[in-house]
């Protein structure tokens, strides 16, 4: 989704690991997954008191490879390599940091493209629709597996921020600090509308085959490409797009046809093609549904005040001025019920030109806010 | 695109007419159309001095049926029936009002779905890519045909507003008043990006057949449906969507699947299906390209000041506070070069909740602004 910066101060070579879970997971939908695997990476060292663990939750297209690079693929830097590493805001000299690929993903954890051991075929359309609550349940099992009873912090941006918030509600005693960055307490009708267009692009692609395209040896590339193109429009600000592309022509002149004409078209189509070549369409559908469903105030008529009464964590809420997907107003909707419940909350509204993608960017003020807060978290756990 | 209101004060029964043009039209692209037809409607009476004619230019999905209804289809009210009619702001008791379907359209004027007399097949992919300038040239020929040497006003919203602006540049002596409503002096990168996603949905639909789907007896319904769904998101404001749909569930409960779940999904899919059933995909492509290309400042390095030096008309520029497709800021970009050139310009920024669609809505303040300005236009031509 965003730029990865130089490997200076990088954590260096990392490798992914797998954890197998044989206790059935009951989803919020009622569906049951008898067993599953999660792929994850860890950076830094768990201290003797096991008090310095940080969980990083990923957004729509993210995964477990948060920082560092692989021995056999030195250019494959983690997606938050500018934030996580020795001496970086999420300092791996102080914290034991965990990144995982969420259940339902397409980067190694059990998901629609994984083989269902009961059938010998990919799960495809039979993979359960998943919610943020389900993810947090599966993440808590990963914490159990790693011997971590309480996280120093759970940190996420966008959909990852929703998971961090859910941690404070599902497991109030298992997280001391929650970072909700560029997030929202639920999607608006407009947010859902964009997701629905993206989903319909995939669902109506003739190569989708009701979600069981694996058996047909095809991929709904057209739909996934459109979904990603549309997504990118919502990740960038209008101003950032204007500054970066404006009305620049791709080849310097108008063609009066439907090939790439403006630079912005070249960018979008490239992003769409790149994404469609590796991302699983069923995972994309699941991720957008998890976004749509997230609504902690669903059972309280939209009122978050009674919901956060059970939270115990301290919170850092961060928004970005040009983010129109989850605007600062949406972050303030998170802050209000936290204040109402007299929870410790810090709120930072960062002036940034990069829209929703800002949470992945190298903004010095944003990084300072993160660093300052995390220094306090480190001191609390004696690091 | 918007609501049509009751037929009270309606102009009553109207009928469409056709005009044939046998002089070749040379497009800005260099392409030539040897002959073409335009379908149009007129309301009211042209006065003896032929000084009370008003041209209405339509937006992306509009057409010639601006007001009234048809004898054999009483429910088919014109798309601006709330604005045009006896005693209405564009008062047909005072003005001779003309609506046309633009060249390239799919409502009766020559377009991609028309039969090319030279081949006996639909034009399809061979229909030239059209620009706002080309439309204005063809509209001027329609004016010639009707014996109108100068319009009292050329009026349009959105893409229609761009045509109205172009009239003041292409034919400075043939228009006294230009109404640019919910318009912009050019598309931004974000505007083009949305158009490109819509176009790619159509272009990559397997039923598109390179634009020659007519011969295959299919229609790229999937692509057109996605394009329209996406369009609707940009026509409505975030707030209007929130007020109208919020997170309401279509059937009162979550389904954990990909059928319609939220009310906003039901609305979007319905709009998409309805549109895809009648609108021509090639026309949709042409309309979005005309939007992308419109840029009067293209040859002056983005500076509109020298461009409007040749304009002579007076202007009414109208914007709507919640329009995020063409925001008030974009209208002010139109006002500035008009002021620079000491042209008469009135600017109204209407507080409205309906987003870009506001220009079609029954907002009393907006209608009053239009009425007041048009009363002056009527007095000038002795009506």
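Protein chains in written order, with our numbering: chain A, 1 to 383; chain B, 1001 to 1383.
Using N, Cα and C, we set each Cβ at its ideal position, and we do this for glycine too.
Residue from the options whose Cα sits closest to the Cα of residue i
i: residue 310 of chain A; options: A/352, A/165, A/283 and A/179; result: A/165
i: residue 250 of chain A; options: A/361, A/264 and A/67; result: A/264
i: residue 1074 of chain B; options: B/1015, B/1254, B/1208 and B/1053; result: B/1015
i: residue 47 of chain A; options: A/152, A/66 and A/356; result: A/152
i: residue 1036 of chain B; options: B/1105, B/1029 and B/1071; result: B/1105
i: residue 385 of chain A; options: A/122, A/375 and A/290; result: Since the first residue shown for chain A is 1 and the last is 383, residue 385 of chain A is missing from the structure and cannot be characterised.
i: residue 1375 of chain B; options: B/1087, B/1050, B/1202 and B/1320; result: B/1087
i: residue 1274 of chain B; options: B/1225, B/1090 and B/1244; result: B/1225
i: residue 84 of chain A; options: A/276, A/72 and A/67; result: A/67
i: residue 1170 of chain B; options: B/1050, B/1138 and B/1305; result: B/1138
i: residue 125 of chain A; options: A/160, A/167 and A/113; result: A/113
i: residue 206 of chain A; options: B/1346, B/1220, B/1343 and B/1360; result: B/1220
i: residue 1117 of chain B; options: B/1183, B/1022 and B/1319; result: B/1022
i: residue 123 of chain A; options: A/380, A/92 and A/215; result: A/215
i: residue 1308 of chain B; options: B/1167, B/1228 and B/1196; result: B/1167
i: residue 1157 of chain B; options: B/1185, B/1268 and B/1174; result: B/1185
DSSP three-state assignment for residue i, whether helix, strand or coil
i: residue 127 of chain A; result: coil
i: residue 256 of chain A; result: coil
i: residue 161 of chain A; result: helix
i: residue 357 of chain A; result: helix
i: residue 118 of chain A; result: coil
i: residue 1174 of chain B; result: helix
i: residue 6 of chain A; result: Bear in mind that the predicted position of residue 6 of chain A carries a pLDDT of just 42, short of 50, making it too unreliable to give a figure here.
i: residue 85 of chain A; result: strand
i: residue 1297 of chain B; result: coil
i: residue 1141 of chain B; result: helix
i: residue 1208 of chain B; result: coil
i: residue 1001 of chain B; result: Reliability fails at residue 1001 of chain B, whose pLDDT of 34 lies under 50, so the model's placement of it is uncertain and no value is given.
i: residue 213 of chain A; result: helix
i: residue 1073 of chain B; result: strand
i: residue 202 of chain A; result: helix
i: residue 1320 of chain B; result: strand
i: residue 329 of chain A; result: helix
i: residue 219 of chain A; result: coil
i: residue 1150 of chain B; result: coil
Chain A residues whose Cβ lies nearer than 8 Å to that of residue i
i: residue 1265 of chain B; result: 192, 193 and 196
i: residue 1353 of chain B; result: Residues of chain A passing the Cβ test: none, with the nearest at roughly 14 Å.
i: residue 1262 of chain B; result: 189, 192, 196 and 292
i: residue 1025 of chain B; result: Ordered by position in chain A, no residue passes the 8 Å Cβ test against residue 1025 of chain B, which lies about 15 Å from the chain.
Environment of residue i [buried if 16+ CB atoms lie within 10 Å]
i: residue 950 of chain B; result: Outside the shown range of chain B (1001 to 1383) lies residue 950 of chain B, about which nothing can therefore be said.
i: residue 1218 of chain B; result: exposed
i: residue 1041 of chain B; result: buried
i: residue 1063 of chain B; result: buried
i: residue 255 of chain A; result: exposed
i: residue 259 of chain A; result: exposed
i: residue 145 of chain A; result: exposed
i: residue 330 of chain A; result: buried
i: residue 298 of chain A; result: exposed
i: residue 1332 of chain B; result: exposed
i: residue 314 of chain A; result: buried
i: residue 54 of chain A; result: buried
i: residue 18 of chain A; result: exposed
i: residue 1071 of chain B; result: exposed
i: residue 1032 of chain B; result: exposed
Whole-angstrom C-beta distance between residue j and residue i, which should lie under 8 Å
i: residue 1288 of chain B; j: residue 1198 of chain B; result: 6 Å
i: residue 322 of chain A; j: residue 353 of chain A; result: 6 Å
i: residue 1202 of chain B; j: residue 1281 of chain B; result: 5 Å
i: residue 1187 of chain B; j: residue 1135 of chain B; result: Residue 1187 of chain B to residue 1135 of chain B, Cβ: 16 Å. No contact.
i: residue 1183 of chain B; j: residue 1326 of chain B; result: 6 Å
Within chain B, the residues that residue i reaches when beta carbons sit closer than 8 Å
i: residue 251 of chain A; result: Residues of chain B passing the Cβ test: none, with the nearest at roughly 15 Å.
i: residue 308 of chain A; result: Near residue 308 of chain A there are no residues of chain B at all, since even the closest Cβ is about 19 Å away, more than 8 Å.
Contacts that residue i makes with chain A (C-beta to C-beta distance below 7 Å)
i: residue 1229 of chain B; result: 197 and 200
i: residue 1206 of chain B; result: 206
i: residue 1334 of chain B; result: Residues of chain A passing the Cβ test: none, with the nearest at roughly 16 Å.
Residue i: contacting residues in chain A (beta-carbon distance under 9 Å)
i: residue 1356 of chain B; result: Result: empty, since nearest Cβ-Cβ is about 13 Å, beyond 9 Å.
i: residue 1247 of chain B; result: 186, 187, 188, 189, 192, 292, 295, 298 and 302
i: residue 1077 of chain B; result: Under the 9 Å cutoff, chain A gives no residues; its nearest Cβ is about 27 Å from residue 1077 of chain B.
Under 7 Å from the C-beta of residue i: neighbouring residues of chain B
i: residue 29 of chain A; result: 1256
i: residue 222 of chain A; result: 1204
i: residue 129 of chain A; result: 1256 and 1257
Proximity test, Cβ basis, 8 Å: residue i and chain C
i: residue 241 of chain A; result: This model lacks chain C altogether; the protein chains it does include are A and B.
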